[in-house]
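Residue numbers (this note's numbering), protein chains in the order written: chain P, 1 to 223; chain D, 224 to 356.
In structure tokens:
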């Protein structure tokens, strides 16, 4: 029970992820069956659908946009602030901040991660590890979207008696950019609006919110 | 970091599924279906060729030509040159023969012809003498 209490956020969202992915698999399969029967193709098996490029591209296009959103948010908020938002730091801290404030090198405490006081490239890598991993997963997911996307796109092209396109050409198609941009716009809207809403609105007890009684002008204070 | 390992493993599996469309066994299955179709045309065995059409292509053919596929197909003079190139994407494929472009779809009982006697029209779909898409 202690494990569940201490890892509630990860466990809760992990279970939601699996439930939603399962739901997407069933809904996506039903949608594909309908489209295949309409265009004169055969009804695919469910497990074959799970290994298909159609399912892969639908999963990957959402993954890449989520990781892009958090990657950009993590990096942009080093230099950009939103005065009054608990998601922002105060103007005096804009930038990478001092080694003392970041507790690196000789300023690292006894319980600091090894690479925080190792110095050199290890401290530089560890200092950027969150952005590197989130950005790396974004690029990998976007690559997967493009590879699965060209496969699904070409299957549709052939079903409509049209020529398939090579991967490099697919990167310039409306299908690829429509899939990417329709996800990006919603992510950017959600994260930008949350930063601004949190200046004026409160959610009692949430670390994503300021304390209910905090002034609208208060920045960098979670409650 | 176990979380990122899971992500990388899933991403690799997804990448593999994207590339699975070009597996050799699929290409061989498409090639043998196309070989059987052009072989039947070359021998004048229209009945065998008709059995290799997708259900929709066959229905369309029989709706347009009341005399039935086996008789009508012989009058279409479809090219019967040998298969040269095969391209497979998911449950659909394109085959270039010496004188034609064929389109195929995959069914439980194998690959079937959904377009034959096809000529390109630029950005438009191919114009096919025989089609079921």
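Think of the CB as a built atom: it goes at the ideal place given N, C-alpha and C, for glycine as much as any other residue.
Runs of the alpha helix (DSSP H) lying entirely within the region 149-177 of chain P and spanning at least 4 residues, in chain order: 167-170. Contact between the region 262-281 of chain D and the region 323-336 of chain D is present: 3 or more CB-CB pairs across the two stretches fall below 8 Å. In this model, residue 120(P) and residue 98(P) are separated by some 16 Å (Cα to Cα).
According to DSSP, residue pairing for residue 317(D) in a beta bridge involves 310(D) and 326(D).
Residue environment: residue 134(P) is assigned as buried (16 or more neighbouring CB atoms within 10 Å of its CB, all protein chains considered). Residues are counted here when their Cβ sits less than 9 Å from a Cβ of chain D; for the region 148-177 of chain P these are 148, 149, 150, 151, 152, 153, 154, 155, 156, 157, 158, 159, 160, 161, 162, 163 and 164, given in chain order.
In this structure residue 123(P) is buried. Its beta-carbon is surrounded by 16 or more other beta-carbon atoms within 10 angstroms. Bounds of any beta strand (DSSP E) do not take in residue 211(P), whose DSSP letter is neither H nor E.
If you check the CB distance, residue 317(D) and residue 158(P) come in under 8 Å. Short of 7 Å from the beta carbon of residue 32(P), and not among the five residues preceding or following it, lie these beta carbons of its own chain, in chain order: 44, 49 and 54. When the five nearest sequence neighbours on each side are left out, the beta carbons in the same chain lying within less than 8 Å of the beta carbon of residue 194(P) are those of 87 and 208, in order along the chain. For residue 340(D), there are no neighbours in chain P by C-beta distance under 8 Å, as the nearest C-beta there is about 11 Å away.
Near chain P, meaning a CB-to-CB distance below 7 Å, the residues of the region 330-355 of chain D are 330, 331, 337, 338, 341, 348, 349, 351, 354 and 355.
In the three-state DSSP reduction, residue 127(P) falls in the helix class (H, G or I). If you compare the alpha carbons of 302(D), 304(D) and 354(D) with that of residue 327(D), the shortest gap goes to 354(D). Beta-bridge partners assigned by DSSP to residue 336(D): 276(D) and 327(D). The alpha-carbon separation between residue 285(D) and residue 260(D) amounts to approximately 18 Å. With fewer than 16 other Cβ atoms inside 10 Å of its own Cβ, residue 6(P) counts as exposed. Put simply, the CB of residue 116(P) is far from chain D, with every gap to its CB atoms at 8 Å or more.
With fewer than 16 neighbouring CB atoms inside 10 Å of its own CB, residue 251(D) falls in the exposed class.
The beta carbon of residue 65(P) does not come within 8 Å of any beta carbon belonging to chain D, so the residue lies off that interface. The beta-carbon of residue 22(P) is placed no less than 8 Å from the nearest beta-carbon of chain D.
Straight-line measurement puts the Cα of residue 268(D) at about 10 Å from the Cα of residue 294(D).
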